[in-house]
Amino acid sequence: MLHRKSRISRRAFTVTALSALVASGGAMAAGSAMAGGKDRDRRRATREMRGVWVATVANRDWPSKQGLTAQKQRAELIAHLDAAEKSHLNTVVLQVRPTADALWPSPYEPWSQVLTGTQGEDPGWDPLGTAVEEAHARGLQLHAWFNPYRIANHTDLGKLAPSHPAREHEDWVVSYGGKLYYNPGLPEVRAFVQRAMLDAVEKYEVDAVHFDDYFYPYPVAGQNFDDDEAYDRYGGGFAVRADWRRDNIDQLVREMAAGIKKIRPRTEFGISPFGVWRNAGTDPLGSDTRGGVQTYDDLYADTRKWVREGWIDYICPQLYWNIGFAAADYAKLVPWWSEVARGSRTKLYVGEALYKAGDSAQPAAWQEPAELSRHLTLAKEHAEVCGHVYFAAKDVATDRIGAMARVVADHYEQPAIPPR
């Protein structure tokens, strides 16, 4: 195991002090300390989510490649934390269970292949433990990001570690779209994946548990997700299979929320779904969009319900489209989600597509360094929006056309602490 003596940076000290002031009722004093006596608006903006995703699946953001030494892996992780701190972000959402494996020593699942190149091989250090310690030393929150059901981005069970639960329980597995998934319709699967994820909550002082947009898999044309046997066995109370599938995901969300609070009452539970719940053409409650995917119908994730029922602490829809995009306009989705969150106990953050900025394959709007900054300006018109999370860490570091630098200059001049 690699260890480093914990340090408290000046920013971490400032953010910790601000947190204490706000918690004790001194919100205005905290704002004054943070903004140096600047205007009232800035003093009020002492609580705001400013997050970044660090994706590990397929080594998207970190580690940069498989098989690096423990020292190099650790150094790269620290660099991402430092980049977040430099950009006045306050939260890192680290993917710690990318494909039914683990970035911590888990008794339930093997070490992730993204570390050593061999699933199940001990990397010689504890990435999640280090991430929590080093993030907190910098005044950053650490949200542990889990994927509940994805097993592998291939269909060969033989490529998994010999001890992998999917090899021991082949009846839990569905092959679909060139990938392997646990079947969400099996109660024993739901119980297992919760145990596997909650193990990290028991061991580490994570500030939140985070799910992304993968529940039932995204639809693949001409293919069927084969859960016939599970539906025959457990779906008797549902005349329509889609309702049964949604209920399976609802149960996961409710049970996971309860499990987290039982272990760590102050640890939050957040979900970052695809940005379109349903199109208005499908449901009058839906958004003025023409999304090719609707989470309610295609992923069997009733994301609107989770907010309205207060099952989750925050929702962070992935609004990965530019202002004016015809099929899914950012300027229409922000007010729609704000209306969903209004009056609920669930905080609303907005997932931002930093990775599109400067990508020549994207529409013209994404070639403008100011597009993301305009997103934040628009979102400020909606009181329910409590901040933003950026996809993803590699793009914060490279910042191809200076879009992140523009956000920082326009909106993040002063530090902020995450909402609670």
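Read left to right, the sequence shown gives residues -29 to -1, 1 to 391 (mature numbering (1 follows the signal peptide of the UniProt record, and there is no 0)).
We put the beta carbon where it would ideally sit given N, CA and C, even for glycine.
Contact annotation, V28 with T70: C-beta distance approximately 6 Å; criterion of less than 8 Å satisfied. Beta-carbon to beta-carbon, P340 and I372 are separated by about 5 Å, close enough to satisfy the 8 Å threshold. Excluding five sequence positions before and after N293, the CB atoms of its chain that fall closer than 7 Å to its own CB belong to Y301, P334, A336, W337, E342, given in chain order. For secondary structure counted as the alpha helix (DSSP H) over 4 or more consecutive residues, the region 233 to 305 holds these complete runs in sequence order: 274 to 279.
With fewer than three CB-CB distances shorter than 8 Å, the region 245 to 264 does not count as touching the region 202 to 218. Note that the region 124 to 136 does not touch the region 97 to 107; fewer than 3 beta-carbon pairs, one per stretch, sit closer than 8 Å. By the beta-carbon neighbour count (other beta carbons within 10 angstroms, threshold 16), G314 is exposed. Burial check for D199: the Cβ neighbour count within 10 Å stays below 16, so the residue is exposed.
W24 carries a strand assignment under DSSP once its states are collapsed to helix, strand and coil.
For S146, the closest of R377, P190, D178 by C-alpha to C-alpha distance is P190.
Straight through space, the alpha carbons of L304 and A192 are spaced by roughly 27 Å.
Closest option to D203, judged by alpha-carbon separation, among L347, A380, L157, F182: L157. Between the alpha carbons of V360 and L347 lies a distance of about 11 Å. Between the region 168 to 188 and the region 62 to 82, the count of Cβ pairs shorter than 8 Å is three or higher; the stretches touch. Its chain contains G156, L157, P158, W215 as the residues whose beta carbon lies nearer than 8 Å to that of Y205, once the 5 sequence neighbours on both sides are disregarded; these appear in chain order. When the alpha-carbon of H114 is set against those of P94, A332, T238, the nearest one is in T238.
Straight through space, the alpha carbons of T317 and R279 are spaced by roughly 8 Å. Straight-line spacing of the CA atoms in D183 and D284 works out to 14 Å. Nearest Cα to E352 within the set R377, E323, W307: W307.
Apart from the 5 residues on each side of it in sequence, H59 sits with its Cβ closer than 8 Å to the Cβ of R21, V379, Y383, E384, Q385, P386, A387 in its chain, given in chain order.
If you draw a straight line from the Cα of S83 to the Cα of H181, it comes to about 18 Å. The beta carbon of L223 is closer than 6 Å to those of R161 in its chain, skipping five residues each way along the sequence. Between the beta-carbon of A328 and that of L319 there is about 22 Å, and that puts the pair past the 8 Å contact cut. In the three-state DSSP reduction, R31 falls in the coil class, being neither helix nor strand.
Counting only the Cα atoms, G281 lies some 40 Å from T87. Bridge pairing for R68: F117 [DSSP].
In this chain, the beta strand (DSSP E) harbouring G358 covers 356 to 361.
For F163, there is no enclosing beta strand (DSSP E); the enclosing alpha helix (DSSP H) has its first and last residue at 158 to 174. Each residue's CA atom was taken as its position, placing V144 and S134 some 15 Å apart. Put simply, of H140, C357, E141, G149 the residue whose alpha carbon is nearest the alpha carbon of P288 is C357.
Membership of E200 in any beta strand (DSSP E) is not indicated; the residue belongs instead to the alpha helix (DSSP H) covering 199 to 205.
Going by beta carbons, T266 and T253 fall outside the 8 Å limit.
Annotation for S309: L319, H353, A354, E355, V356 place their beta carbon closer than 8 Å to its own, counting only its chain and skipping 5 residues before and after.
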